[in-house]
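Residues 11 to 248 (the numbering used here) are what the sequence shown spells out, left to right.
Think of the CB as a built atom: it goes at the ideal place given N, C-alpha and C, for glycine as much as any other residue.
What follows is a short report on a single structure.
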Amino acid sequence: MSILNRPDVNITTIEDPVEYKINDINQIQVNLATGLTFARGLRSIVRQDPDVILIGEIRDQETAEIAVNAALTGHLVLSTVHANDAATAIPRLLDMGIEPFLLASTLELVVGQRLVRKLVADARKEITEPIADASKRAPYIDAYVKSKNIKYFEADEEANKNGRAYAGRTAVYEMIPITDAIEDLIIKRPSARDILKRAKIDGMISMFEDGLKKAQQGITSLSELLRVVQPVEPDSEK
């Protein structure tokens, strides 16, 4: 939002709750007691003709349809959907009742993220082990590591026991740009698996892959990553 927040850009949000006050952005709080739902607030926002609309969460068909119609009329619409990963978000929106051709023509990007704890630099240790051993606790990890051994970081046992091994959090991400191929898939009402297969062909880096890179850099630990994200079975990506 900070990138979009310029004097010449009119940004309005509808949130539940408003978690952060942002200067120069019009923020509206959902209030069910007074009947101000996401859908009702969004209808009001669209009439004000903003450049950017942020919807805290798309929860129902009415909100989803208004969001799509706003995008069709030239507004940049940002929102969240409850889903396990980026690929699952697309069937989730279709299940809400959005027409596939409308979603295909308006959706630009889907981002999935999870938060992992960050290792403290002086409370971590580097580990090297055969990939076969790592596969015992991280199934399919051998599909992501093209060598016989894997190097990664873990928390020092003593520091972890005393609660000093981690401080703060960082995100692991995956992104699915809506390519022509994925647009064609959306029109056919794909499963999340179908979307994932196509996204991997297009070069998507999964949350696990992003997290594994961070575990190998010492930003987080492999144990922490596996607590939050599991590697995907290779057959479901091909």
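- Leu-235 and Ile-160 have their C-alpha atoms spaced approximately 15 angstroms apart.
- The beta carbons of Ala-133 and Ala-169 sit about 4 angstroms from each other, so the pair counts as a contact at 8 angstroms.
- Measuring C-alpha to C-alpha distances from Asn-41 to each of Asp-34, Ile-24, Asp-105 identifies Ile-24 as the nearest.
- Classified as exposed, Glu-243 has fewer than 16 neighbouring CB atoms from the shown chains inside 10 Å of its CB.
- Between Asn-33 and Pro-60, the C-beta spacing is not below 7 angstroms.
- Taking Leu-82 as reference, the option from Leu-125, Arg-69, Leu-113, Asp-190 with the minimal CA-CA separation is Leu-113.
- The Cβ atoms of Ile-68 and Ile-55 do not sit closer than 7 angstroms to each other.
- Lys-135 carries a strand assignment under DSSP once its states are collapsed to helix, strand and coil.
- Relative to Asn-94, the option among Glu-164, Leu-232, Glu-72, Leu-206 whose CA is nearest is Leu-206.
- Of the other Cβ atoms in all chains shown, fewer than 16 fall within 10 Å of the Cβ of Lys-198; this residue is therefore exposed.
- The criterion of a C-beta distance shorter than 7 angstroms is satisfied by Gln-123 and Tyr-183.
- Taking each of Ile-196, Ile-76, Arg-208 in turn and checking the Cα distance to Ile-100, the smallest one comes out for Ile-196.
- Looking at the DSSP output, Pro-187 shares a beta bridge with Leu-119.
- A buried status is given to Glu-164, since no fewer than 16 other beta-carbon atoms sit within 10 Å of its beta-carbon.
- Counting the other CB atoms within 10 Å of its CB gives Tyr-30 a total below 16, which places it among the exposed residues.
- In its own chain, leaving out the 5 sequence neighbours on each side, no residue places its CB closer than 6 angstroms to the CB of Thr-47.
- DSSP links Tyr-150 through a beta bridge to no other residue.
- Under the three-state reduction of DSSP, Arg-50 is assigned to helix.
- The stretch 173-190 and the stretch 217-225 touch, with no fewer than 3 CB-CB distances between them shorter than 8 angstroms.
- DSSP, reduced to helix, strand and coil, places Gln-240 outside both helices and strands of the structure shown, so it counts as coil.
- In this structure, DSSP gives Ile-76 a helical state, which the three-state scheme calls helix.
- Residue pairing from DSSP places Asn-41 in a beta bridge opposite Leu-46.
- Asn-159: member of the beta strand (DSSP E) spanning 159-165, first to last residue.
- The three-state secondary structure of Pro-140, taken from DSSP, is strand.
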